[in-house]
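Heads up, the thing below is written out as structure tokens.
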Amino acid sequence: MLNNQGRPTAPKKLGAHEGKTFSGHRGLLMEEALIFETGRIDATGVDLDEPAAFTPRLGTLAREEEIGLPGLSEPETMRHYVRLSQKNYAIDSGLYPLGSCTMKHNPRLNESMARLPGFADIHPLQPQSTVQGALALIEELAGWLMALTNMEAVAMSPKAGAHGEYCGMAAIKAAIEAKGEGATRRVVLVPESAHGTNPATAAAIGFEVRSVPAGEDGNVHPQAVRALMGPDVAGIMLTNPNTCGLFERQIVEIAQIIHEGGGYFYCDGANFNAIVGKVRPGDLGIDAMHINLHKTFSTPHGGGGPGSGPVVLSSRLAPFAPVPFVRRNGDHLALVEDKVGTQALGRLTAFHGQMGMFVRALSYILSHGADGLKQASEDAVLNANYVRARLADLMSLPFGNRPCMHEVLFDDTWLKDTGVTTLDFAKAMIDEGYHPMTMYFPLVVHGAMLIEPTESESLASLELFIMTLRDLAMSALRGETARFEGAPFLAPRKRLDETRAARAPVLRWTKPEPIVDAQAAE
Ligand SMILES: *Cc1c(COP(=O)(O)O)cnc(C)c1O
Numbered sequence: 211m212l213n214n215q216g217r218p219t220a221p222k223k224l225g226a227h228e229g230k231t232f233s234g235h236r237g238l239l240m241e242e243a244l245i246f247e248t249g250r251i252d253a254t255g256v257d258l259d260e261p262a263a264f265t266p267r268l269g270t271l272a273r274e275e276e277i278g279l280p281g282l283s284e285p286e287t288m289r290h291y292v293r294l295s296q297k298n299y300a301i302d303s304g305l306y307p308l309g310s311c312t313m314k315h316n317p318r319l320n321e322s323m324a325r326l327p328g329f330a331d332i333h334p335l336q337p338q339s340t341v342q343g344a345l346a347l348i349e350e351l352a353g354w355l356m357a358l359t360n361m362e363a364v365a366m367s368p369k370a371g372a373h374g375e376y377c378g379m380a381a382i383k384a385a386i387e388a389k390g391e392g393a394t395r396r397v398v399l400v401p402e403s404a405h406g407t408n409p410a411t412a413a414a415i416g417f418e419v420r421s422v423p424a425g426e427d428g429n430v431h432p433q434a435v436r437a438l439m440g441p442d443v444a445g446i447m448l449t450n451p452n453t454c455g456l457f458e459r460q461i462v463e464i465a466q467i468i469h470e471g472g473g474y475f476y477c478d479g480a481n482f483n484a485i486v487g488k489v490r491p492g493d494l495g496i497d498a499m500h501i502n503l504h505k506t507f508s509t510p511h512g513g514g515g516p517g518s519g520p521v522v523l524s525s526r527l528a529p530f531a532p533v534p535f536v537r538r539n540g541d542h543l544a545l546v547e548d549k550v551g552t553q554a555l556g557r558l559t560a561f562h563g564q565m566g567m568f569v570r571a572l573s574y575i576l577s578h579g580a581d582g583l584k585q586a587s588e589d590a591v592l593n594a595n596y597v598r599a600r601l602a603d604l605m606s607l608p609f610g611n612r613p614c615m616h617e618v619l620f621d622d623t624w625l626k627d628t629g630v631t632t633l634d635f636a637k638a639m640i641d642e643g644y645h646p647m648t649m650y651f652p653l654v655v656h657g658a659m660l661i662e663p664t665e666s667e668s669l670a671s672l673e674l675f676i677m678t679l680r681d682l683a684m685s686a687l688r689g690e691t692a693r694f695e696g697a698p699f700l701a702p703r704k705r706l707d708e709t710r711a712a713r714a715p716v717l718r719w720t721k722p723e724p725i726v727d728a729q730a731a732e
């Protein structure tokens, strides 16, 4: 770039092209068109012989137009999907501070265990005598989950946290119906701060949701529960530690109120990572709790793999556990699939659950041991508190600067009058190479920013994250709105209209109209 004296001007930060290139690629980051835009109908990755002459038998069902599938050569196909995969942000590429999600490292040991042919290559319909080892693994994992929670039974088949909630609430409904109270107990209490899946699950099972207000301190108080408890209440769904990252200190008293009133206590155990080895939910009076193997027990989630949400049940709900479950007869393990003659719920899913996740979770548990699991929880809590302590002078904490559990919750009071919002701040983190924290959740806190570093981060990695947030925070407080408005600037896509994307998603690609060449038309 030359100035009017013919001397080069100082290069801008983004370089002479302001980040614009002829190819649309930036550095080695490729701009990726849709496969439908680059594919050609006549291209293919394989050589296919012309089919021999035949008489079509499809009659009127025969396709009349071109099918329109994109054709690419093998290397083009390969590159397209590899480049797309590189656009994913993943736990394997950087710190993932998404609160409530426990995005922790997935140890590679677990992966190699899950790939052992004896686990990876079996089929759910194989004769049981040929999969005794797999059944033994399910039984052993179930034993660990019951021991860690001090519960009577565990349903292994639910395939995610929300599915586990469904299982637990269905067990509660079955227990209530067995007592002949199905018609009267129709209400489930759910705190305002709950994860959206809780009220959704209660409603999906057919319960009416009654909201429990949170106290000034972010906790649910026994008085609030008592005030709402009545003969129409089937139970409560409570998260502990709750979604504000705080331990519900009066949970035992809340359990008592629910039980005395004839209800059941469902605990959302997605945040179990904070308390494994420290507190056993069964000791707190909980009747049902899902455990997200894909959070606490390090199995992959999101794009990395399917979830798995086993549900532990107290003795009051154990008879209603769904089929199938593993039963031991001496040396032989049998899968009980028939509910006839029992109070068991039917099936929640085809087959037995996420076998690959069971292998990974047990591998994680055995490689840590009881002491290691406890240490992991302590480190997760320590890391979150380190983040809190290092940012508390700049960013505001809604419930005061007191210790949190495995995640730390900031609100947007500190951004008041800066012209920067929670959304702007989170988007600017992307330019700095960080996946944003959970934003605007829980709803009880204005402009919430929920950070869960997990125990997998080293001090050095936490420090860089903290220093980056400090730099961004000071920038916001100095009123440098340009760094935030419209961020991210360096991502392949800029600020998207997320509301429109959610409300009016375009789920189907349609061929664009041919662009009329304006010059040619003149
Ligand atoms: C993740 C989560 C869930 C839901 O779990 P899924 O496996 O995503 O269905 C429920 N409650 C809380 C608090 C969670 O963090």
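Just so we're aligned, residue 211 is where the sequence shown starts under our numbering, counting upward by one. Just so it is clear, CB atoms sit at the ideal spot from N, CA and C, and this is done for glycine as well.
Check your understanding: Quick one, which of H431, G425 and M439 has its alpha-carbon nearest V419's?
Key -> If you compare the alpha carbons of H431, G425 and M439 with that of V419, the shortest gap goes to M439.
Review point. A357: beta carbon under 6 Å from a heavy atom of ligand 1?
Key: No; taking the cut-off as 6 Å, the Cβ of A357 has no heavy atom of ligand 1 nearer than that.
Exercise for review: Report the residue ranges of all alpha helix (DSSP H) runs contained in full by the region 526–558; include only those spanning at least 4 residues, in chain order.
Suggested key: Fully contained in the region 526–558 is no alpha helix (DSSP H) run of length 4 or more.
Check your understanding: In whole angstroms, what separates the C-alpha of V435 from that of G472?
Key -> The alpha-carbon atoms of V435 and G472 are separated by roughly 13 Å.
Check your understanding: Quick one: is the Cβ of S508 within less than 6 Å of any heavy atom of ligand 1?
Key -> Between ligand 1 and the CB of S508, the shortest heavy atom gap is not smaller than 6 Å.
Check your understanding: Can you tell me whether DSSP reads V655 as helix, strand or coil?
Key -> V655 falls in the coil class under three-state DSSP.
Exercise for review: Buried or exposed for M677, please, with buried defined as at least 16 other CB atoms from any protein chain shown within 10 angstroms of its CB.
Suggested key: Exposed, because fewer than 16 other Cβ atoms sit within 10 Å of the Cβ of M677.
Check your understanding: Just how far apart, CA to CA, sit R703 and K230?
Key -> R703 and K230 have their C-alpha atoms spaced approximately 13 Å apart.
Review point. Roughly how far, in whole angstroms, is the beta-carbon of A531 from the beta-carbon of A370, given that I think they are within contact range, below 8 Å?
Key: Not quite, the Cβ-Cβ distance comes to about 18 Å (not below 8 Å), so this is no contact.
Exercise for review: Give me the Cα-Cα distance between G515 and P317, rounded to the nearest whole angstrom.
Suggested key: Spanning the two alpha carbons is a distance of roughly 14 Å.
Exercise for review: Identify, in the order they occur along the chain, each residue of the same chain with its Cβ nearer than 8 Å to the Cβ of S671, setting aside the five sequence neighbours on each side.
Suggested key: Only L305 meet the Cβ criterion.
Exercise for review: Can you tell me which of the three DSSP states S421 falls into?
Suggested key: Strand, per DSSP.
Review point. Hey, out of W719, A544, R600 and S668, whose CA is closest to P337's CA?
Key: It is A544 whose Cα lies nearest to the Cα of P337.
Review point. Going by alpha carbons, who is nearest to G487 out of L682, G579, R705 and Q342?
Key: Distances from the alpha-carbon of G487 to those of L682, G579, R705 and Q342 put G579 closest.
**Study point:** Proximity to L345 [Cα-Cα], best of D541, A586 and A594
**Key:** Ranked by how close their Cα comes to the Cα of L345, the residues D541, A586 and A594 have D541 in first place.
Review point. How about T632 and M659: do their beta carbons lie closer than 7 Å?
Key: Pairing T632 with M659 gives a Cβ-Cβ distance under 7 Å.
Review point. When every heavy atom of ligand 1 is checked, does at least one fall within less than 6 Å of the C-beta of G517?
Key: G517: yes, Cβ under 6 Å from ligand 1.
Practice item. Examine ligand 1 and report whether any of its heavy atoms sits within less than 6 Å of the Cβ of N502. Key: Flag set: Cβ of N502 near ligand 1.
Review point. Terminal residues of the continuous alpha helix (DSSP H) containing M639?
Key: T632 to D641 is the extent of the alpha helix (DSSP H) around M639.
Point to revise | For W719, the three-state DSSP class (helix, strand or coil) | key: If DSSP states are grouped into helix, strand and coil, W719 belongs with coil.
Check your understanding: Less than 6 Å between the CB of G566 and some heavy atom of ligand 1, yes or no?
Key -> Not one heavy atom of ligand 1 sits closer than 6 Å to the Cβ of G566.
Exercise for review: Write down the C-beta distance between N611 and A602 rounded to the nearest angstrom, noting that I regard them as a contact closer than 8 Å.
Suggested key: That pair is a contact at about 5 Å.
Review point. Is A480 near ligand 1, in the sense that its beta carbon is under 6 Å from a heavy atom of that ligand?
Key: A480 has its CB nearer than 6 Å to a heavy atom of ligand 1.
**Study point:** Delimiting residues of the alpha helix (DSSP H) encompassing H469
**Key:** Residue range I461 to E470 is occupied by the alpha helix (DSSP H) that includes H469.
Check your understanding: Applying the criterion that 16 or more other CB atoms from any shown protein chain within 10 Å of the CB defines a buried residue, is I251 buried or exposed?
Key -> When all chains shown are included, I251 counts as exposed.
Practice item. Round the Cβ separation of F475 and I496 to the nearest angstrom and send it over; I've been treating them as touching at under 8 Å. Key: Yes, they are in contact, since the Cβ atoms of F475 and I496 sit about 5 Å apart, within 8 Å.
Review point. Taking buried to mean at least 16 other C-beta atoms within 10 Å of its own C-beta, is M366 buried or exposed?
Key: Label assigned to M366: buried.
Point to revise | Distance, L619 Cα to L456 Cα | key: The alpha-carbon separation between L456 and L619 amounts to approximately 9 Å.
Review point. Identify the residues that DSSP records as bridge partners of V569: which are they?
Key: Here V569 is not bridged, per DSSP, to any residue.
**Study point:** 7 Å CB neighbourhood of S606 in its chain, flanking five on each side removed
**Key:** These residues qualify, in order along the chain: F620, D621, T623 and W624.
Check your understanding: What does a CB cutoff of less than 6 Å around M639 pick up in its chain, not counting 5 residues either side in sequence?
Key -> Excluding sequence neighbours, M639 sits near P646.
Point to revise | 7 Å Cβ cutoff met for H500 and G517 | key: Not closer than 7 Å, so no.
Point to revise | Secondary structure of I496, DSSP reduced to three states | key: DSSP places I496 outside both helix and strand once states are collapsed to three, so it counts as coil.
Check your understanding: How should N298 be labelled, buried or exposed, when 16 other C-beta atoms within 10 angstroms of its C-beta is the threshold for buried?
Key -> The residue is exposed, with fewer than 16 neighbouring Cβ atoms inside 10 Å.
Check your understanding: So, helix, strand or coil for R236, using DSSP?
Key -> R236 sits in a strand when the DSSP states are folded into three classes.
Check your understanding: Helix, strand or coil for C477 per DSSP?
Key -> In this structure, C477 counts as strand in the three-state DSSP scheme.
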